[in-house]
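As structure tokens, the structure follows; a few thoughts come after it.
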Amino acid sequence: MKPRTGRPERGLLELYRDDPERADALVWGRRGALRGAALAAMGAAVGAAIPFARRMPPGLVPAALAQPAASGSGGQPNLLRMEGKAPLVILGERPLVAETPEHMLDDEVTPADKFFIRNNGQIPEPFAGDPKSWTLRIEGEVNTPLALTLGEIEQRFPLVTRRLQMECGGNGRGFFSPETRGNQWGNGAISCAEWTGVRLRDLLQAAGLKESARFTGHYGADPHLSGDPNRPAISRGMRIEKALDEDTLVALRMNGQPIPHVHGAPVRLIVPGWPGSLSQKWLTRILIRATPHDGPGMGGTSYRVPVRPIVPGSRNDGRDFVDLESMPVRSILTNVAHGTRLPAGTRGLDVRGFAWAGDKTVRAVHLSVDYGATWQEARVAEPANRHAWQRWSGRVALPTDGYYEIWYRATDSDGRMQPHVAGNWNPQGYGANPISRIAVLVG
Amino acid sequence: MTLTRAVIASLVLAAVVLFGQKHGLWGVREAPAPPPPTPAALAFRRAQEEAAARAEAARAEAARLAAVTQPAETPEVLPPGEGREEVFGACTACHSTAIIRRSRFTRQQWDDLMDWMVEKQGMNPLDAEQRRRIVDYLAAAFPAASGSAGRRAPNPFLTD
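Protein chains in written order, with full-length UniProt numbering: chain A, 1 to 443; chain B, 1 to 160.
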């Protein structure tokens, strides 16, 4: 391909937006080999020379052109303007959904204002009563159904405080190709706040689980988007083993404060490491069941992934899928924003972030600035407690001025790494955790 | 003598009156201070104040949220095309248009989504002609994208 005359960068950008396959074929050549002119065009498109360009895998769109909208730099994303919240990137107003860009997640403990927002229904009217009088019911396959006020819960059961990562089941969805249904998250639907509450298992023990108790079903006070009072906005459930995990909490406080309304005041579940939709906000009732729960958000393709991989983009009713449980390993880079311009002559950059892996831990994080040709190991700290995310840090060398991508890849305690592309495509887009990357420009 | 006694008596009387007034024994007196409130009454008053404060905080929070979740939208937020007004009319009762604008689907997928919206989300079924017009519009305005370059953040290093 000849570089376009006039404004080549514009042309290439448009081409990528409108017809990425063709743009790729043109830019990268039929056999995927990078050619001189194509390289120049790509350099023009990202706005700089590309050191290590020969190592960029064929068909890969540079990060500068390929970040989901919520990476939050450049352009005019729709930003949340609300007292008590940082300017998160709004993915939708009703239902209110907002992503925290990676570079805003640099705190060890996620402050309330930087906590991502996902609602499935309307946000309920704030509870104007005494929070201590809010009632939580535990019913179903139990010997003694319970109806406890929060005041009683705090008095009767031991309070515990834990740092727990909580992530939307659809985090990373924007990396799927072809695009799937659902909110097109980047990697920013993640949080690790300090939660205080009682263990769900203590409440279940007080109610007395019957032999038949195998699954939970969760209910909250948020109305369905249609306003229909007989339709829960979302009601998901889990295996009883997860309900009995010592880190599954009925949470009353977030970072030592009452839970903010938009995050589920006065009480919510925290089911760390599993899809956030299990961490029911505005919690009113937990149903203990003998069979898997069947509320909205269960079954079909909801929060479910294929066992036998399906053709990307194909139609499927999800009958053979399984529920997504422990979330896959993922990492974020929190001290340098995607799209940062560094002074000419910068030859090294300290980078840090967090990594986590659902119920597992993170064994390693590796960094690359040459498209994965070489990797170096970052330092990874122990988690503050089980189910807390882990701090990683390192320093990368930038041998010349120009356009660089910093790739960061976490490996979980079972040795599973973030893959090169989002795999196991599914219609509603769960489990995308490809190698994370940001673009920086030196000079 | 009698006169002297009378003068002394009246002086004494005046002194006593003045003394009495000064010490509040008679004359203009302020209303007696109310008896101190009982602990129960104090608690009741505090509870009422707290309830009022909570109600006020709840009202303020609801207003803050409404400002964000109820954007003033008109059909023009959707790309022009035949059927735009119908889509805006049929599809914004429950959610804002962001959820539609973010989507990139084939005609088949848009068509399937109409069933999902009716069966799972309580949308009133569309009649055949309305459904055809709405799905035609959606499939044309928001066609399937490969995902590698769908609606991405703009290139941070190019500003034009």
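Backbone N, C-alpha and C define an ideal beta-carbon position, used for all residues, glycine too.
Just so we're clear, the structure is a prediction, and the values are computed from it rather than from any experiment.
Q: Could you name the residues of chain B that residue 113 (chain A) contacts, counting a contact when the two beta carbons are closer than 7 Å?
A: Translated into the one-based positions of the first sequence, residue 113 (chain A) becomes position 113. None at all; the shortest Cβ gap to chain B is about 13 Å.
Under 8 Å between C-beta atoms of residue 333 (chain A) and residue 108 (chain A):
Counting from one through the first sequence, the residue named residue 333 (chain A) turns up at place 333. Counting from one through the first sequence, the residue named residue 108 (chain A) turns up at place 108. Cβ atoms of residue 333 (chain A) and residue 108 (chain A): not closer than 8 Å.
Check: DSSP on residue 117 (chain B), reduced to helix/strand/coil?
Finding: Counting from 1 along the second sequence, the entry for residue 117 (chain B) is found at position 117. If DSSP states are grouped into helix, strand and coil, residue 117 (chain B) belongs with the helices.
Taking all protein chains shown into account, do 16 or more other C-beta atoms lie within 10 angstroms of the C-beta of residue 143 (chain A), making it buried, or fewer, making it exposed?
Position 143 of the first sequence, counted from the first residue, corresponds to residue 143 (chain A). Label assigned to residue 143 (chain A): exposed.
When you compare the CB of residue 148 (chain B) with every CB in chain A, is at least one pair closer than 8 Å? As a first step, residue 148 (chain B) must be located in the second sequence, where it is residue number 148. Only weak support exists for where residue 148 (chain B) lies, its pLDDT of 48 falling under 50; the value from the coordinates is given anyway. Yes, contact with chain A.
* Asked: CB-CB under 7 Å to residue 75 (chain A), same chain, minus the five flanking residues each way: which ones, in chain order?
  -> On the first sequence, residue 75 (chain A) is found 75 positions in, with the first residue counted as 1. A caution first: residue 75 (chain A) carries a pLDDT of 48, below 50, which makes its placement in the model too unreliable to give a value.
- Item | Contacts around residue 146 (chain A), its chain only, beta-carbon distance under 6 Å, and the 5 residues preceding and following it disregarded | Position 146 of the first sequence, counted from the start, is the residue given in the question as residue 146 (chain A). So the list reads 138 and 207, once near-sequence residues are dropped.
### Task
Would you mind stating whether residue 193 (chain A) and residue 170 (chain A) have Cβ atoms separated by less than 8 Å?
Counted from its first residue, the first sequence places residue 193 (chain A) at position 193. Counted from its first residue, the first sequence places residue 170 (chain A) at position 170. No. Outside cutoff.
Compare the Cα-Cα distances from residue 132 (chain A) to each of A:124, A:125, A:118 and A:149 and report the closest residue. Position 132 of the first sequence, counting from 1, holds the residue named residue 132 (chain A). Residue 132 (chain A) has its Cα closest to that of A:149, out of A:124, A:125, A:118 and A:149.
Applying the 10 Å Cβ sphere with the 16-neighbour rule, what's the burial state of residue 252 (chain A)? Residue mapping note: residue 252 (chain A) aligns to position 252 of the first sequence, counting from 1. By the neighbour-count rule (16 or more Cβ atoms within 10 Å), residue 252 (chain A) is buried.
Output the distance between the C-alpha atoms of residue 266 (chain A) and residue 219 (chain A), rounded to the nearest integer angstrom.
Translated into the one-based positions of the first sequence, residue 266 (chain A) becomes position 266. Translated into the one-based positions of the first sequence, residue 219 (chain A) becomes position 219. Using only the alpha carbons, I get a separation of about 14 Å.
- Beta-carbon separation (whole angstroms), residue 518 (chain A) vs residue 335 (chain A), contact threshold 8 Å: A query on residue 518 (chain A) cannot be resolved here, the shown segment of chain A reaching from 1 to 443 and no further.
| field | Distance CB(residue 484 (chain A))-CB(residue 393 (chain A)) smaller than 8 Å | value | A query on residue 484 (chain A) cannot be resolved here, the shown segment of chain A reaching from 1 to 443 and no further.
- State the beta-bridge partners of residue 445 (chain A) as determined by DSSP. Here chain A has residues from 1 to 443 only, and residue 445 (chain A) is not among them.
If distances are taken between C-alpha atoms only, which option among B:51, B:32, B:37 and B:144 comes closest to residue 104 (chain B)?
Position 104 of the second sequence holds residue 104 (chain B). Residue B:144 is the option with its Cα nearest to residue 104 (chain B).
**Residues that residue 252 (chain A) contacts on chain B, provided the C-beta gap is smaller than 9 Å** = The count along the first sequence starts at 1 and reaches residue 252 (chain A) at position 252. Near residue 252 (chain A) there are no residues of chain B at all, since even the closest Cβ is about 16 Å away, more than 9 Å.
Which residue or residues does DSSP assign as beta-bridge partners of residue 192 (chain A)?
Mapped onto the first sequence, residue 192 (chain A) falls at position 192. Partner(s): A:165.
*Would you say the region 312 to 327 of chain A touches the region 128 to 135 of chain B, given that touching needs at least three Cβ pairs under 8 Å?*
Too few Cβ pairs lie closer than 8 Å, so no.
Practice item. Check the C-beta distance from residue 211 (chain B) over to residue 135 (chain B) and give it rounded, since I have them as a contact under 8 Å. Key: Examination of residue 211 (chain B) is not possible in this model, given that chain B is present from 1 through 160 alone.
Pairwise C-alpha distance: residue 142 (chain B) and residue 101 (chain B): Locating residue 101 (chain B) in the second sequence gives position 101, where the first residue counts as 1. Locating residue 142 (chain B) in the second sequence gives position 142, where the first residue counts as 1. Approximately 7 Å, taken between the alpha carbons.
With H, G and I counted as helix, E and B as strand and the rest as coil, what does DSSP make of residue 32 (chain A)?
Translated into positions along the first sequence, residue 32 (chain A) becomes position 32. For residue 32 (chain A), the pLDDT reaches just 42, beneath the cut-off of 50, and the residue's location in the model is therefore unreliable, although a value from the coordinates is still provided. In this structure, residue 32 (chain A) counts as coil in the three-state DSSP scheme.
Checklist entry - Around the C-beta of residue 154 (chain B), are 16 or more other C-beta atoms found within 10 angstroms, so that it is buried, or is it exposed? => result Here residue 154 (chain B) corresponds to residue number 154 of the second sequence, with the count starting at 1. Buried, since its Cβ has 16 or more Cβ neighbours within 10 Å.
**Request:** Determine which residues of the region 255 to 286 of chain A have a Cβ less than 8 Å from any Cβ of chain B, and write them out in chain order.
**Result:** Per Cβ criterion, the list reads 261 and 262.
Output the distance between the C-alpha atoms of residue 431 (chain A) and residue 370 (chain A), rounded to the nearest integer angstrom. As a first step, residue 431 (chain A) is located in the first sequence; it is residue number 431 there, counting from the start. As a first step, residue 370 (chain A) is located in the first sequence; it is residue number 370 there, counting from the start. Going by the C-alpha atoms only, they are around 26 Å apart.
Closest Cβ-Cβ distance between residue 96 (chain A) and chain B: below 8 Å? For the purposes of this step, residue 96 (chain A) is identified with residue 96 of the first sequence, where counting begins at 1. By this cut-off, residue 96 (chain A) is an interface position.
Kindly indicate if chain B contains any beta-carbon less than 8 Å away from that of residue 87 (chain A).
Within the first sequence, residue 87 (chain A) is the residue found at index 87, counting from 1. It does not: the Cβ of residue 87 (chain A) has no partner Cβ on chain B nearer than 8 Å.
Query raised in the report: Looking at C-alpha atoms only, which residue of A:212, A:129 and A:249 is the closest neighbour of residue 161 (chain A)?
Result: To locate residue 161 (chain A), count along the first sequence from 1; it is residue 161. Out of A:212, A:129 and A:249, A:249 has the C-alpha closest to the C-alpha of residue 161 (chain A).
| query | DSSP three-state call for residue 219 (chain A): helix, strand or coil? | reply | Stepping through the first sequence from its first residue, residue 219 (chain A) is reached at position 219. Residue state for residue 219 (chain A) is assigned as strand, using DSSP reduced to three classes.
Query raised in the report: Which partner residues of residue 251 (chain A) appear in the DSSP bridge assignment?
Result: For the purposes of this step, residue 251 (chain A) is taken as the residue at position 251 of the first sequence. Residue 251 (chain A) pairs with A:197 and A:268.
### Message
Could you pull the DSSP bridge partners for residue 83 (chain A) from this structure?
### Response
Residue numbering aside, residue 83 (chain A) sits at position 83 when the first sequence is read from its first letter. In the DSSP output, where bridge partners are listed per residue, residue 83 (chain A) has none listed.
For a contact meaning CB atoms closer than 7 Å, what does residue 99 (chain B) contact in chain A? In the second sequence, residue 99 (chain B) corresponds to position 99, counting from 1. Chain A residues near residue 99 (chain B): 92.
Practice task
Answer with yes or no whether the minimum CB distance from residue 128 (chain A) to chain B is below 8 Å.
Solution key: As a working note, residue 128 (chain A) is residue 128 in the first sequence. Yes, residue 128 (chain A) counts as interfacial toward chain B.
> beta strand (DSSP E) containing residue 372 (chain A): first to last residue?
Replying inline: Start at 1 with the first residue of the first sequence, and residue 372 (chain A) comes out as number 372. According to the DSSP assignment, residue 372 (chain A) belongs to no beta strand (DSSP E), since it is labelled neither H nor E.
* Give the interface partners of residue 401 (chain A) over in chain B, defined as CB-CB distance under 9 Å, in chain order. => Indexing the first sequence from 1 puts residue 401 (chain A) at position 401. Result: empty, since nearest Cβ-Cβ is about 13 Å, beyond 9 Å.
CB contact check: residue 157 (chain B) to chain A, cutoff 8 Å: What you label residue 157 (chain B) is simply residue 157 of the second sequence in a count that begins at 1. Yes - at least one Cβ of chain A is within 8 Å of the one on residue 157 (chain B).
Residues of its chain near residue 305 (chain A), where Cβ-Cβ distance is below 7 Å and the 5 sequence neighbours each way are ignored: Counting from one through the first sequence, the residue named residue 305 (chain A) turns up at place 305. Excluding residues within five positions, the ones whose Cβ falls inside 7 Å are 321, 322, 324, 424, 426, 430 and 431.
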